[in-house]
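Peer 1: The sequence shown runs 115 to 214 under our numbering.
Note that beta-carbon positions come from the ideal geometry of N, C-alpha and C, so glycine has one too.
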Amino acid sequence: MDFGLSEDLIREIIEIISRYGCVKRVILYGSRARGDFRRTSDIDLAIEGCPDWVVADIRETLEEEAPTLLTFDVVSLGKAPEGLRKNILREGVAIYEKTP
Numbered sequence: 115m116d117f118g119l120s121e122d123l124i125r126e127i128i129e130i131i132s133r134y135g136c137v138k139r140v141i142l143y144g145s146r147a148r149g150d151f152r153r154t155s156d157i158d159l160a161i162e163g164c165p166d167w168v169v170a171d172i173r174e175t176l177e178e179e180a181p182t183l184l185t186f187d188v189v190s191l192g193k194a195p196e197g198l199r200k201n202i203l204r205e206g207v208a209i210y211e212k213t214p
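1) If you reduce the DSSP assignment to three classes, tell me which class Leu142 lands in.
2) Alpha carbon to alpha carbon, what distance is there between Ile127 and Glu177?
3) State yes or no: is the C-beta of Tyr143 nearer than 7 Å to some heavy atom of the ligand FMN?
4) Look up Asp150 in the DSSP assignment and say whether it is helix, strand or coil.
5) Which value, in whole angstroms, describes the spacing of the CA atoms of Arg173 and Gly149?
6) How many angstroms separate the CA atom of Ser185 from the CA atom of Lys212?
7) Just the Cα atoms here: how many angstroms apart are Val168 and Glu129?
8) Quick one, which of Ser120, Lys138 and Val137 has its alpha-carbon nearest Ile157's?
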């Protein structure tokens, strides 16, 4: 599926996020997962397995280190409001899952 993101950028996002040992899964959601994104659409990511403060740190690290001018909207899957969580699980695409 085309998310409007280069494979190199997706690899870099995964490399940054995988530094955090608590991350169990990363789900890309929103317009990029649905395929109705624009060139300047943000990158919506849901993180599973980490406390809120780590999710906030992940967002800051992505903003600073990812090689893109696009913005990131990063949420904790477990703390997301129920409607958003259902939407993420319905339309989202897992781009990273920790292997046991």
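Peer 2: In brief:
1) Strand at Leu142.
2) 10 Å
3) Absence of the ligand FMN from the depicted structure is noted, as is the absence of any ligand whatsoever, leaving it without description.
4) DSSP, read as helix, strand or coil, puts Asp150 in coil.
5) 22 Å
6) According to the sequence shown, residue 185 is Thr rather than Ser. Looking at the two C-alpha atoms, the distance is approximately 24 Å.
7) 16 Å
8) For the residues Ser120, Lys138 and Val137, the minimum Cα distance to Ile157 belongs to Ser120.
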